[in-house]
DNA sequence: GTAATTGCAAAAGGTTTGCAACTCA
DNA sequence: TGAGTTGCAAACCTTTTGCAATTAC
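Protein chains in written order, with my numbering: chain E, 1 to 154; chain G, 155 to 308.
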């Protein structure tokens, strides 16, 4: 399923920086690497902590924020809201476009694709006179695990 | 199309407060009224300003926030993200469930309904073992007006 | 009369920014 | 060498909170 492997995307990151006359600093490198190391959604703060926990590795919060913005502008990562008020990011490595289904009990996030829904969205946009740039579809519910365990909690 | 008229929902607000042993204060009344007066999506700050602009009417920011939370808990309004980092609210008066299509250039928000998409969502959730509680579908693009005027702006 | 509410100002939480020191190319 | 980058701390913005005064019921 991978569209591009880690090496290729790393190279593209370098090219992207070069094209914009930006420098590949140690901090950017570490942030990039760490962001692509996880397959989870993460907050800027979480990434900051991960880097701090890694022995000796310290990158300032400001640089984390600045670099995440940079990565998003370059299309290497995308941001979304986790529904609890936090901004979370995910990298695009090996991800085709997908939407999310989120468990309201445990916060688990699964990803899915549905071409029929995609097609209908384009149709809706056209109907309203919009040209569709992107969309966000988030399904929220209770996952199987939580339904079996917690049942009717809170 | 209205599910409930303004009078009816106003009454329900009173009942809701009563049921929770809360008081119908002048401030709550004004906030409620103003929130239902507009059919646009609004930020807490915007509502605060509206009330301030209205001659003599002043409600503190704190009370605006507290009351909006209260109204959302009661199901009288719902909140969402406008995609620019702001929390925006909309009242539910006369609104059936709908999704949003947002213009990335001018921030305009339109609402639509599509039963086919709704049905497919339920199917997706079932496939993944989730029971669907709710969903958010946001289409983002460029509206007809902006496409005609601005064209390829920055 | 009394519990609930308000306004204020301070606090909080997340993100951005100015600036001097530093570093990649 | 010099444009771009970093870290720090202060600034920002939105939202929340503690508390004394006030108000609805």
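Yeah, the Cβ is synthetic: ideal placement off N, Cα and C, and Gly gets one too.
Rounded to the nearest angstrom, the gap between the Cα atoms of residue 203 of chain G and residue 247 of chain G is 22 angstroms.
Scanning chain E for C-beta atoms nearer than 7 angstroms to the C-beta of residue 269 of chain G yields nothing, as the closest lies near 10 angstroms away. Taking 8 angstroms as the CB threshold, residue 101 of chain E lines the interface with chain G.
Residues of the region 55 to 72 of chain E with a Cβ closer than 8 angstroms to any Cβ of chain G: none.
Contacts with chain G (Cβ-Cβ distance below 7 angstroms) from the region 120 to 147 of chain E involve 120, 121, 124, 125, 128, 129, 130, 131, 132, 133, 134, 135, 136, 137, 138, 139, 140, 141, 142, 143, 144 and 147, listed in chain order.
For residue 81 of chain E, the pairing in a beta bridge is given by DSSP as E/87. At a C-beta separation below 9 angstroms, residue 240 of chain G has no neighbours in chain E, since its nearest C-beta there lies roughly 12 angstroms away. Between residue 211 of chain G and residue 182 of chain G, the beta carbon gap of about 13 angstroms keeps them out of contact (Cβ cut-off 8 angstroms). Taking the C-beta atoms as reference points, residue 241 of chain G is found no nearer than 8 angstroms to residue 192 of chain G.
Looking only at E/54, E/53, E/45 and E/81, the smallest Cα-Cα distance to residue 66 of chain E is reached by E/45. Contacts with chain G at 8 angstroms (Cβ-Cβ) do not include residue 29 of chain E.
When beta bridges are read from the DSSP output, residue 132 of chain E appears opposite G/295. Using a Cβ-Cβ cut-off of 8 angstroms, residue 167 of chain G does not count as an interface residue toward chain E, since no Cβ of chain E sits closer than that to its own.
Contacts between residue 203 of chain G and chain E, judged by CB atoms closer than 8 angstroms, are missing: the closest CB pair is about 23 angstroms apart.
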